[in-house]
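In this note's numbering, the protein residues as written are 242 to 413.
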Ligand SMILES: [Zn+2]
């Protein structure tokens with residue numbers, strides 16, 4: 242069985258030796274969560290992806306399972322099992338369903354806050370780029386007493402809503 246090692250920086254090696262596998266693990270930068278992953282995969286699509294935070298995801302037959310809190314040394318042991326094609330031994334681990342553990346309520350709330358803040362910043366940038374409203378050319382919205390902007394039949398908030406498909410969070 243042929244196997245291959247890859248990482249989040251786009252580096253890879255065919256049939257890596259034990260020391261090459263170890264080098265891929267040791268090269269993971271704990272400060273780089275975006276690229277901080279390395280995975281071993283075989284020709285049949287079985288893969289073990291290790292994230293620098295300690296999550297190990299086992300993909301087999303379109304099914305993803307994970308272990309969390311895995312050390313690099315432990316990840317190396319499990320990679321060795323996969324490289325030997327010993328899927329039976331891998332299956333004896335206490336895999337949990339899914340790619341990684343579900344987020345806690347706090348983690349979900351933090352993620353939602355970050356998403357909302359990013360959307361608001363993007364909305365503000367879009368709104369500020371719309372330019373001034375022309376007092377002489379009213380907004381087309383029947384209930385609106387604002388002027389339209391140069392590139393639209395609408396005022397800034399109504400143009401925003403028509404383009405972004407949701408109410409505008411700003412009025413000036
Ligand atoms: Zn309007």
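Note that the Cβ used here is the ideal one computed from N, Cα and C, for glycine as well.
(request) Consult DSSP for residue 367 and reduce its assignment to one of helix, strand or coil. (result) Taking the first residue of the chain shown as position 1, residue 367 is located at position 126. Secondary structure of residue 367 (DSSP, three-state): helix.
(message) How far does the beta strand (DSSP E) with residue 280 in it extend, from its first residue to its last?
(response) The residue you call residue 280 lines up with position 39 of the chain shown. Annotation for residue 280: the continuous beta strand (DSSP E) segment containing it runs 278 to 283.
(request) Look at the Cβ atom of residue 395, then the Cβ atom of residue 375, and state whether they are nearer than 7 Å. (result) To locate residue 395, count along the chain shown from 1; it is residue 154. To locate residue 375, count along the chain shown from 1; it is residue 134. Going by beta carbons, residue 395 and residue 375 fall outside the 7 Å limit.
(message) Measuring straight from C-alpha to C-alpha, what distance separates residue 367 and residue 285?
(response) Counted from its first residue, the chain shown places residue 367 at position 126. Counted from its first residue, the chain shown places residue 285 at position 44. Spanning the two alpha carbons is a distance of roughly 47 Å.
(message) What residue range does the beta strand (DSSP E) around residue 306 cover?
(response) Mapped onto the chain shown, residue 306 falls at position 65. It spans 304 to 308 - the beta strand (DSSP E) in which residue 306 sits, taken as one unbroken run.
(message) Could you check whether residue 278 and residue 297 sit closer than 7 Å to each other, using their CB atoms as the reference points?
(response) Counting from 1 along the chain shown, the entry for residue 297 is found at position 56. Counting from 1 along the chain shown, the entry for residue 278 is found at position 37. No, Cβ-Cβ distance for residue 297 and residue 278 is not below 7 Å.
(request) Write down every uninterrupted run of the alpha helix (DSSP H) in the region 298 to 356 whose length is 4 residues or greater and which is fully enclosed by it, in chain order. (result) Under the rule that a run must span 4 or more residues, the alpha helix (DSSP H) segments found entirely inside the region 298 to 356 read 313 to 324, 328 to 332.
(request) Quickly, what does DSSP pair residue 248 with across the bridge? List them, please. (result) Your numbering for residue 248 matches position 7 in the chain shown. Beta-bridge pairing by DSSP links residue 248 to 279.
(request) Could you spell out where the alpha helix (DSSP H) holding residue 404 opens and where it closes? (result) On the chain shown, position 163 is the one that residue 404 refers to. Looking at the DSSP string, the run of the alpha helix (DSSP H) that includes residue 404 is 397 to 405.
(message) Do residue 304 and residue 244 count as a contact pair if the criterion is CB distance below 7 Å?
(response) Position 3 of the chain shown, counting from 1, holds the residue named residue 244. Position 63 of the chain shown, counting from 1, holds the residue named residue 304. No, Cβ-Cβ distance for residue 244 and residue 304 is not below 7 Å.
(message) Please report the straight-line C-alpha distance between residue 276 and residue 372, rounded to a whole angstrom.
(response) Against the chain shown, residue 276 aligns to sequence position 35. Against the chain shown, residue 372 aligns to sequence position 131. Answer to the nearest angstrom: the Cα atoms are 39 Å apart.
(message) Could you give the first and the last residue of the continuous alpha helix (DSSP H) run that contains residue 266?
(response) Position 25 of the chain shown, counted from the start, is the residue given in the question as residue 266. Taken as a continuous stretch (DSSP letters only), the alpha helix (DSSP H) holding residue 266 covers 259 to 267.
(request) Indicate whether residue 323 and residue 269 have their beta-carbon atoms separated by less than 7 Å. (result) Residue mapping note: residue 323 aligns to position 82 of the chain shown, counting from 1. Residue mapping note: residue 269 aligns to position 28 of the chain shown, counting from 1. Between residue 323 and residue 269, the gap from beta carbon to beta carbon reaches 7 Å or more.
(message) Any heavy atom of ligand 1 closer than 6 Å to the beta-carbon of residue 245?
(response) Along the chain shown, one-based indexing puts residue 245 at 4. No, ligand 1 has no heavy atom inside 6 Å of this Cβ.
(message) DSSP three-state label for residue 392, please.
(response) For this step, residue 392 is matched to residue 151 along the chain shown. Residue 392 sits in coil when the DSSP states are folded into three classes, being neither helix nor strand.
(message) Quick check on DSSP: helix, strand or coil for residue 383?
(response) Within the chain shown, the letter at position 142 stands for residue 383. The answer is coil: DSSP assigns residue 383 none of H, G, I, E or B.
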